[in-house]
Structures are given as structure tokens and as C-alpha cells.
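Going down the list, the sequences are from chains A and B.
By this note's numbering, the letter at position 210 of the first sequence is numbered 210, and the numbering carries on one by one without gaps.
By this note's numbering, the letter at position 77 of the second sequence is numbered 1077, and the numbering carries on one by one without gaps.
Please read the structure below before turning to the comments.
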Amino acid sequence: MVERYTLSRKLFIVFNYTILALLSVICLLPLVHVLAVSFSSSGAAAAGYVKLWPVEFTLDSYKYVLGKEQFFLSIGMTLKRVSVGLIVNMVLTVLVAYPLSKEVQKFRGRTVYAWVFVFTMLFNGGLIPLYMTVRYTGILDTVWALVLPSAVPIFNMILLLNFFRGLPKEVEEAAFMDGAGHWTSLWKIYVPLSTPALATITLFTMVFHWNSWFDGLIFMNSPSNYPLQSYLQTIVIQQNFSSASLESIAVLQKISDRTFKSAQIFLGSLPILLVYPFLQKFFMKGIVLGSVKG
Amino acid sequence: MINQKTEPKGMNTASASSLGASRKSSSQLPLHLMILPALILILIYSYGPMLGAIIAFQDFNPALGIFRSKWSGLENFRYVMALPGTMQVIWNTLIIAVIKIVAGLIVPIIVALLLNEVRKEMFKRTVQTMVYLPHFLSWIILGGVLIDILSPTQGIVNQFLNWLGIDSIYFLGSNDWFRPVLVMSDVWKEFGFNTIVYLAALTSINPALYEAAVIDGASRWKQTINVTLPGMAPIIVLTATLALGQVLNAGFDQVFNLYSPQVYETGDIIDTFVYRIGMVDAQYGVATAVGLFKSVVSLILLSVSYFLAYRFANYRIF
Chain A
1 MVERYTLSRK LFIVFNYTIL ALLSVICLLP LVHVLAVSFS SSGAAAAGYV
51 KLWPVEFTLD SYKYVLGKEQ FFLSIGMTLK RVSVGLIVNM VLTVLVAYPL
101 SKEVQKFRGR TVYAWVFVFT MLFNGGLIPL YMTVRYTGIL DTVWALVLPS
151 AVPIFNMILL LNFFRGLPKE VEEAAFMDGA GHWTSLWKIY VPLSTPALAT
201 ITLFTMVFHW NSWFDGLIFM NSPSNYPLQS YLQTIVIQQN FSSASLESIA
251 VLQKISDRTF KSAQIFLGSL PILLVYPFLQ KFFMKGIVLG SVKG
Chain B
1001 MINQKTEPKG MNTASASSLG ASRKSSSQLP LHLMILPALI LILIYSYGPM
1051 LGAIIAFQDF NPALGIFRSK WSGLENFRYV MALPGTMQVI WNTLIIAVIK
1101 IVAGLIVPII VALLLNEVRK EMFKRTVQTM VYLPHFLSWI ILGGVLIDIL
1151 SPTQGIVNQF LNWLGIDSIY FLGSNDWFRP VLVMSDVWKE FGFNTIVYLA
1201 ALTSINPALY EAAVIDGASR WKQTINVTLP GMAPIIVLTA TLALGQVLNA
1251 GFDQVFNLYS PQVYETGDII DTFVYRIGMV DAQYGVATAV GLFKSVVSLI
1301 LLSVSYFLAY RFANYRIF
């Protein structure tokens, strides 16, 4: 690029790169620190020697976490809710987005349906009535309590609806000429043509289910049914504000509470870190899809 | 973007399709069937609770249920308003939400402008990768991280302050510090991700405008003020308008995982208040009344904000 830089321009460029580099580093430093603590010895962590690199490197806290049955139970529940939730969410998103992407002339109920769905984004009955509904429908303490109340993700549905509308209509028209119906059109034309949008929504949905914690906390009666994030909430957050349990006192001799919590924090975010490169590739498209509408 | 490009095509064929569609495709029954499962679920789990919210007007007793509990009119609302902390909770909610909205608007815009000046693609992408990450982690993870680094005894932030000669601060237990921590950590989580929208707006500014400005002898700074910012104005106005609907959402996930009784005075918000009254104290009717109050006010604010966005920015939800 041929551009003559004045002195002030040069100064600005240096300033700009420095600020942005600092910002990015600050974003990650807390996470790096916690990671370093998790690999440090309890003594070093308790004494505050650990900065950004493990001190007296050890895997003790990971061995302890991975030796806990509850940890694996909660991962099991999370995997269950992610898979069931993903299937339910995706199927319903596609099934609702297709009819609502039609013009009103072709699908007369469209506007009414659309408002019925969108209204749930604007208004909700609140926490207690939701809890009672979940209880009356008999799904408390099952994976369905984590899936059904959020079974129709309206935001994703709108995203997909707008994507469907952007697809060329000629293909569908041709299929209709050949005698295809709406089901064929949806599965054979719209779904295959929408893979980028569907991939984006799939990743969003997986992250949503992996990260959800509050529903697990209130809809699960027995802690053995907690998904991972709810379980971590009780370990990493709640214990901080209540007195330590007997178990953790016993363990304190060997593993400090701090390294133990740090290890769980890291393990709890590991899957997100693993899918992050894919996420980043897709979500730019997804956001732009959602925000720039015709 | 894709939409905008292909929409004209779709519009042209719309008229052709009504002529050419076969009989099978003109049947609307499959379309209704597709919607049915989602409709049933949403009627149960979204509209069910809306009806259930009538217990806000009952002296609700779980053993008797909705149909046999006694009606109490506005008693629950009167009871809540008479509680000493209620106004403080509403005030906390408003102030935390508004400061978050303002900070959450300014920081991403500035960062987007700075990123836009970066010519080295590698550097730009690296920065983006790093600043987007916290958005995808839950408040459990980030809350755990914050509790650790802000700890008054072992936290690395206080170690750093001590090294500078400043006394340790109990950030999460101090009413002076709790709100600033909420706002800063919220910015930390979301600013990167929120730059995406503005970066998209920046790339859609017509380059000819910059060329014209250069010919007119405008400096970089003048270009930013007179070309870039006006180019971003629509999306900024839109974001600000839509944020109006969020002034009662101070961020339950974040507050719930960071607060403690010591900071109820400055940090307790409507959502955490509802949780404690309802799920902890089991005063279902009262908690529902507070929740309903919030939902109704939010509905009004959201409607107003969508109306304004539609009117002035031509924004439509679907």
C-alpha cells in the first residue's frame, strides 16, 4: 500500500497497535492465571506465588477432580442435555423457520403464528410460574426439564427464517412443478442449501446447552442430576460464600481449595475452547445474517 | 448481506410462483403441521407460565393449587412495596443496567474504530480471536475466575495493588466496588463480541466517500469524524434504541454468581430478589408479583423500543 505517513499518523499507528495488543492480553490474562494456578502445588497457590506460569508443577488437583464420581455424573448429564437439546432445538427451529419464511399469500396463517412465537421474546410469566409449569408437567428431575422449556429458540428461528428468505426461489418453484410438496422442498432444497446457517445455529445451540446452569439448579431436585455447569456453580461459586464443607476441609491438607477450583474452572471451559476455532469461523456470518436484513 | 443480494431475485419470482405452483404445493396443511409441535411446546412452556402468573393476585398455597388458592387482589404488590428494600432493588437494577448499556455501547465502538485502522490482517485477526473468547464462557466460569483473581487474600489483583503500595480491597464484598466490578466484568465478557456488528457496519461504508474526503484534503481524523462515524450512526442508533428494552435486565447470571449478602445494598437486582423470595423463602405469590411487574414494564419498554427502531431505523424483527 502506497501511503505517506506523517509523524502524527505514525504515532497513532504505534498507539493503536499497543492499545489493541494490551486489550487482548488483558482479556486473556485472568484465564491464563487461573490455568496456571490449577497446575501449581497447593502451597504455592495458597502463598500467592503463582502468576502466569505454574509454580511447582503438579497434576494433583486434576487427579482429585477426575477421581470424583459427581464430576463424571454431571458431565454425563451435560452430554445428555446437549445432545437431546440440540436435536430438539434444531428440528423445531427448521420446522418453524420454513413455514414462517413463506410470504403471507402462500401461507395465510403466517402472521398470526409469527406473532405467537415472537411474543414469547417480549413477555414471560416469570420464574415461579415457569417452575410450577415444569413441575405440573412432571418433568422435574429429568433431562426434559432442561430441554423443553427452551425447546423453540426464537432468536435462532428468526436467523434461519431470514436465511431461508434469502435463498433463490427458482429451485423450489421447479421442484413444485415436478410435483414435490413442502416436506420435500424443506428437506431436499432448503436444508442442504442452508448448511452454513445451520452450522452456525448448531454451534450456538451447543454452547447454549453447555453453558446453561440455572435451569439445572432449580429443576433438578437431587444434585446427582446436576449438569456440569450447575454442579460447578455449587462448587466454585457457592462454597466461596458459605463455610467449607467437611469434605473440603479434609482435602485441604493435600490440595488447596484454590487449585482444585481452578482445575474445575478450566475443565468446565475446555469444550468451549476446543470448539472455539469453529465457532469463530461461523459466528461472524451468523451475526451478520441476523443484523443485516432486507 | 446475502439477503440483500438475493432479495430482488426472490421478489421477481414471487409473482411467477403464484401462477406456476402446482396444486400440491398450494396446500397449506403441511405448513401448519410443521409448526404444530413447536406451537404445542410454546403454548405449554411459554404461555402456560403467562397464565400461571395470575398467582400474583392470589394468596397462593402449593397444596391447594391455582384453582383453590384464595384470591388476594393486589395484596402481594402492597406487601412488596411495603418492604424496606424494594425501592433499592429497583434502583440497583436500573443503575446497573443503564451503566452497562452505556459502557457496552461506547467500548465496542471505540475498539471497532481502532481495529478498522489496523492494516495488518494477521494482527487484526489475532486481536479478534482473543477478545471474542470471554463471550462464549458462562458466568459460572467467569464468576469463578473473578472470585479467584479478586480475592482479598490470595487474589492476584490485590497482590498487584499491594506491590504498588495500595491496601487490599475486598472487591466483591464492598458496596463501593461491587457495581464497578459488575460493569467492568460485563464489558470484559461482551465488548469484543459486540464489535462484530460495528465492524460489519464499517466495511459497508462506501470507499468512494473516503476517496472524496482525501481529495478534499481531509486528514485521517477528519475522515473518522465526517465519514466513518456518520456511516456507523444508523447501527449505533439502532443498538441504543433496542437497548431501551433491557433497562430492567441487569444481568441475573452475573449478579447471582458474584453477589453475597454483604453487597445486597448495591447489588441486589429484581431477578435475584425474585429468586430469593420465590425459590428460597417459598413466597410464591409475592415472588410472582414482582416478576410480573418486571415482565409488564419490560413488555412496554420493548414494544416502545421496537416501535422506535421500526419507525426511525426501518428495523423489523422478522
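All residues carry an ideal CB built from backbone N, CA and C; glycine is no exception.
Source: prediction; values computed, not measured.
Please decide whether residue i counts as near chain A, where near means a Cβ-Cβ distance under 7 Å.
i, result
"B:GLY1267", "no"
"B:LEU1292", "yes"
"B:TYR1079", "no"
"B:SER1022", "Interpretation of B:SER1022 is limited by its pLDDT of 45, a score under 50 that renders its predicted location unreliable; the figure taken from the coordinates is listed afterwards. Yes, because at least one Cβ of chain A sits closer than 7 Å to the Cβ of B:SER1022."
"B:GLY1048", "yes"
"B:SER1138", "yes"
"B:GLU1075", "no"
"B:LEU1248", "no"
"B:ASN1257", "yes"
"B:SER1295", "yes"
"B:ASP1186", "no"
"B:LEU1041", "yes"
"B:PRO1234", "no"
"B:ILE1035", "yes"
"B:PHE1307", "no"
Report yes or no: is there a C-beta of chain B within less than 7 Å of the C-beta of residue i?
i, result
"A:LEU122", "yes"
"A:GLY138", "no"
"A:TRP213", "yes"
"A:HIS209", "no"
"A:TRP183", "yes"
"A:PHE107", "yes"
"A:MET90", "no"
"A:SER42", "no"
"A:VAL143", "no"
"A:SER38", "no"
"A:MET220", "no"
"A:ASN16", "yes"
"A:LYS254", "Residue placement at A:LYS254 cannot be trusted, given a pLDDT of 46 that sits under 50; what the coordinates show is reported in the next sentence. So, not an interface residue."
Within 10 Å of its beta-carbon, does residue i have 16 or more other beta-carbons around it, so buried, or fewer, so exposed?
i, result
"A:SER262", "buried"
"A:GLN105", "exposed"
"B:GLU1121", "exposed"
"B:ILE1040", "exposed"
"A:ASP178", "exposed"
"A:GLN233", "buried"
"B:PHE1293", "buried"
"A:PHE266", "buried"
"B:VAL1296", "exposed"
"B:PRO1108", "buried"
"A:ALA44", "buried"
"B:LEU1150", "buried"
"B:ASN1249", "buried"
"B:GLY1245", "buried"
"A:SER8", "exposed"
"A:GLN264", "buried"
Identify, in the order they occur along the chain, each residue of the same chain with its Cβ nearer than 7 Å to the Cβ of residue i, setting aside the five sequence neighbours on each side.
i, result
"A:MET121", "ILE154"
"A:LEU148", "ILE139"
"B:ASP1253", "TRP1139"
Please name the residue, chosen from the options, that lies closest to residue i on a Cα-to-Cα basis.
i, options, result
"B:LEU1051", "B:TYR1315, B:VAL1304, B:THR1288 and B:SER1305", "B:THR1288"
"B:SER1138", "A:ILE272, A:PRO277, A:PHE282 and A:GLU103", "A:ILE272"
"A:ASN225", "A:ILE13, A:SER41 and A:GLY76", "A:GLY76"
"A:GLU56", "A:PHE39, A:ALA175 and A:TYR231", "A:PHE39"
"A:LEU228", "A:ALA45, A:PHE12, A:VAL25 and A:LYS68", "A:LYS68"
"A:VAL207", "A:THR78, A:LEU28, A:TYR64 and A:LEU22", "A:THR78"
"B:LEU1094", "B:ASP1268, B:ILE1317, B:ARG1311 and B:LEU1308", "B:ASP1268"
"A:TYR231", "A:LEU160, A:GLN70, A:THR142 and A:THR111", "A:GLN70"
"B:ILE1141", "A:ILE235, A:TRP187, A:VAL50 and A:LEU23", "A:ILE235"
"B:VAL1247", "B:THR1266, B:PHE1256, B:ILE1270 and B:GLU1265", "B:ILE1270"
"B:TYR1045", "A:PHE163, A:ARG108, A:ILE128 and A:CYS27", "A:ILE128"
With a threshold of 8 Å on Cβ separation, who are the neighbours of residue i within its own chain once the five nearest residues in sequence on each side are excluded?
i, result
"B:VAL1183", "ILE1096, ILE1099, LYS1100 and ALA1103"
"A:LEU86", "THR202, THR205, MET206 and HIS209"
"B:PHE1191", "GLY1104, VAL1107, PRO1108, VAL1111 and VAL1131"
Using C-beta distances below 6 Å, list every residue in its chain close to residue i, excluding the 5 sequence neighbours before and after it, in chain order.
i, result
"B:GLY1291", "VAL1274"
At least one CB of chain D closer than 7 Å to the CB of residue i: is that the case?
i, result
"A:PRO149", "Among the chains of the structure shown, chain D does not appear; the protein chains present are A and B."
Contact the segment 1098–1106 of chain B vs the segment 193–202 of chain A: 3+ CB pairs below 8 Å:
no
Any 3 or more C-beta pairs closer than 8 Å across the segment 153–172 of chain A and the segment 210–223 of chain A:
no
Given 8 Å, three or more beta-carbon pairs between the segment 1212–1227 of chain B and the segment 1238–1255 of chain B:
no
If contact is defined by three or more beta carbon pairs under 8 Å, each pair taking one atom from either stretch, is the segment 32–42 of chain A in contact with the segment 1121–1131 of chain B?
no
Cβ contact (3+ pairs, closer than 8 Å) linking the segment 1110–1120 of chain B and the segment 1251–1261 of chain B:
no
Say whether the segment 1200–1216 of chain B touches the segment 1072–1086 of chain B, bearing in mind that this needs 3 or more beta-carbon pairs closer than 8 Å, one atom from each stretch.
no
Closer than 8 Å is the cut-off here; do at least three beta carbon pairs connect the segment 108–118 of chain A with the segment 92–100 of chain A?
yes
Within the chosen definition, does the segment 1267–1285 of chain B reach the segment 1304–1313 of chain B through at least 3 CB pairs nearer than 8 Å?
no
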